[in-house]
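In what follows, a single structure is set out as structure tokens and then discussed.
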Amino acid sequence: MDERTDWVRAHQARESPPRFEGWRDDGEHTRAKAGAPGGRGIPDLSALVAIVEALRRAVPHELQEQFTALQRELLLTIRALIDWYLDRLDKPELEPQVEDIPIE
30 MDERTDWVRA HQARESPPRF EGWRDDGEHT RAKAGAPGGR GIPDLSALVA IVEALRRAVP
90 HELQEQFTAL QRELLLTIRA LIDWYLDRLD KPELEPQVED IPIE
């Protein structure tokens, strides 16, 4: 565990990656901080990762393979739902079919 912590700290201490030459940093396209009111920042998934890690540790060794398969299936299901939703967003909105009925 200490090796992971040291590795994370070492990578966090590094400088940020070089920026693209044409990158505009006028604040227009900067991401809002997670949890900031009105911002659409990247959510912090560390709590979710911690829960999954705790579940993985709690699963008996005999069931590790099944738990891994369950995680894989869950991720594939989430991916399929996202793909379905994105496909639905790309399609034009269907207009309701209206039929004119002549009134005599």
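Counting with the numbering used here, you get residues 30 to 133 for the letters of the sequence shown.
Idealized CB from N, CA, C, for every residue including glycine.
Computed from a prediction, not measured in an experiment: that's the story for all the values here.
For residue j and residue i, the rounded distance between their alpha carbons
| i | j | result |
| --- | --- | --- |
| LEU123 | ASP116 | 14 Å |
| ILE107 | GLU94 | 20 Å |
| LEU92 | LEU105 | 20 Å |
| ARG85 | ASP73 | 20 Å |
DSSP-derived helix/strand/coil call for residue i
| i | result |
| --- | --- |
| LEU74 | coil |
| GLN93 | helix |
| ILE130 | coil |
| LEU105 | helix |
| GLU82 | helix |
| LEU118 | helix |
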